[in-house]
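Here the structure is laid out as structure tokens; the discussion comes afterwards.
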Amino acid sequence: MAGTQYLDTAQGRRIAYHRTEGRGPCIVFLGGLKSDMEGTKAVHLEAWAQAQGRAYLRFDYSGHGESSGTFEEGCIGDWHEDTVAAVGALTEGPIVVVGSSMGGWQALLLARAMPERIVGMVTIAAAPDFTEDGYWASFSDAQKQALEDVGQVELPSDYMEPYIITKRMIEDGRKRLVLRDPLKLPFAVRCLQGTADTAVSTETAVRLLDHATSDDMRLTLVKDADHRFSDGPCLGMIEQAVLDVLGDG
């Protein structure tokens, strides 16, 4: 496997990536919060794309994986800038975006920024607006005060060490919300959601489906699948969803 390559962005961040050459549209994987491009789904989809001779891109947001910066410094807007920079510099022509968890929110932001580039989208446990509807909505008065006084709060995670959520992340997230204003997705969209997901609810998935405007958008609920959505059957469903939006399903 080729080694990690790096992209220096206009914002002064260094983004680590792996790019596979092949026929388009290029498949772009957008990972979740505190995830990285070595995750099961990102690597599996790369091998699948290579086997089919398809172009593929996976990368680490700043503060994630091998990219520059620390997680605590970042926010939704920074990672959106990273995504736009990576897509702009490392892909050409039409793309299919595959967004997992927070990457689903990033995929929707990308659809607003460059709808003309996207010909299909697959979301996996998409978590749009989670800084507001998940974190802020569930914070106690003491946690909200801590954000003001200290600038951050610590939240436990089911999957890794605690998350440090900063005041900047919350405030920046409010500028990036996608479920409050019209959300046009003028391409095929396939949303995958596990019913045993403890991080993103099926209600969130249905809310996105109801809110977005698209002529070809489908939500698939998978009984007992969790947030990782990474076992064999789930990975197969991701492959099929990509083929579906490509028109090859």
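Residues in the sequence shown are numbered from 1052 upward in steps of one, following my numbering.
Positions of the beta carbon are idealized from the N, C-alpha and C atoms, including for glycine.
Taking a 10 Å sphere around the C-beta of Tyr-1068, we find 16 or more other C-beta atoms and assign the residue as buried. By the CB criterion at 8 Å, Ile-1078 and Ala-1100 fall inside the cutoff. For the 8 Å CB-CB criterion, Leu-1081 and Ile-1289 do not form a contact.
For the pair Cys-1242 and Arg-1269, the CB atoms are nearer than the 8 Å cut-off. In the structure shown, Pro-1179 falls within a coil segment according to DSSP collapsed to helix, strand and coil. Of Ser-1191, Ala-1164, Thr-1246, Asp-1059, the smallest CA-CA separation from Ile-1175 is found for Thr-1246. Within the same chain, and ignoring the five residues on either side of Gln-1056 in sequence, the residues whose Cβ sits closer than 6 Å to its Cβ are Tyr-1068. Relative to Val-1149, the option among Leu-1141, Leu-1161, Ile-1127 whose CA is nearest is Leu-1161. Look at the beta carbons and you see the stretch 1127 to 1142 touching the stretch 1215 to 1229: at least three pairs across the two are nearer than 8 Å.
Annotation for Gly-1114: Gly-1120, Thr-1121, Phe-1122, Glu-1124, Gly-1125 place their beta carbon closer than 7 Å to its own, counting only its chain and skipping 5 residues before and after.
Ile-1215 is not a Cβ neighbour of Gln-1196, given a cutoff of 8 Å.
Asp-1267 sits away from Ala-1292, with the two beta carbons spaced by 8 Å or more. With a contact defined as Cβ atoms closer than 8 Å, Gly-1144 and Gly-1075 qualify at about 5 Å. Per the coordinates, the alpha-carbon of Ala-1102 lies some 19 Å from the alpha-carbon of Ser-1281. With a cutoff of 8 Å on beta-carbon distance, Leu-1236 and Thr-1264 are scored as near each other.
Secondary structure note for Leu-1236: it is in no alpha helix (DSSP H), with a DSSP letter that is neither H nor E. Taking all protein chains in view, the Cβ of Thr-1249 is surrounded by fewer than 16 other Cβ atoms within 10 Å, so the residue is classified as exposed.
Val-1273 is not a Cβ neighbour of Trp-1156, given a cutoff of 8 Å. Ala-1098 sits exposed, since fewer than 16 C-beta atoms from the chains shown fall within 10 Å of its C-beta. The stretch 1064 to 1106 is shown to contain whole alpha helix (DSSP H) runs of 4 or more residues at 1091 to 1103, in chain order.
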